[in-house]
Amino acid sequence: MKKEPQPDLVILPRPEFEDLLEQAACRGARKALHEVGLNDEGAAADVRDLRDLLSAVRTAKTEALRALVRWLTVGVLLLIMAGIAAKSGFYFTTK
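Here you go:
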């Protein structure tokens, strides 16, 4: 009679399993930080600086969009006012 091969099973008590998972997660996190160059003491400051830079870029983008909308609105209003003035008989002349 041929025995069926048993699957490789590892049985651990829950606390040991959770400790093993935590160690693996910490090791993986350290490895990931090392791969992106954030494994030194200045890494936290670098991440804060990057977040500040990203926030500044977002703010600049928002303000640029607001300025563009403001200029377009002023331009359209000036064209409307010039059209009204021209229709009412007021003509612009240059000397």
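Under this note's numbering, read the sequence shown as residues 22 to 116, first letter to last. The C-beta atom is built at its ideal place from N, Cα and C for all residues, glycine as well.
Contacts around residue i, its chain only, beta-carbon distance under 8 Å, and the 5 residues preceding and following it disregarded
{"i": "residue 60", "result": "51, 54"}
{"i": "residue 68", "result": "59"}
For residue i, the three-state DSSP class (helix, strand or coil)
{"i": "residue 111", "result": "coil"}
{"i": "residue 73", "result": "helix"}
{"i": "residue 90", "result": "helix"}
{"i": "residue 82", "result": "helix"}
{"i": "residue 52", "result": "helix"}
{"i": "residue 29", "result": "coil"}
{"i": "residue 95", "result": "helix"}
Neighbourhood of residue i by C-beta, 6 Å cutoff - its chain only, sequence neighbours within 5 removed
{"i": "residue 100", "result": "none"}
Selection from the options that minimises the alpha carbon distance to residue i
{"i": "residue 33", "options": "42, 64, 80", "result": "42"}
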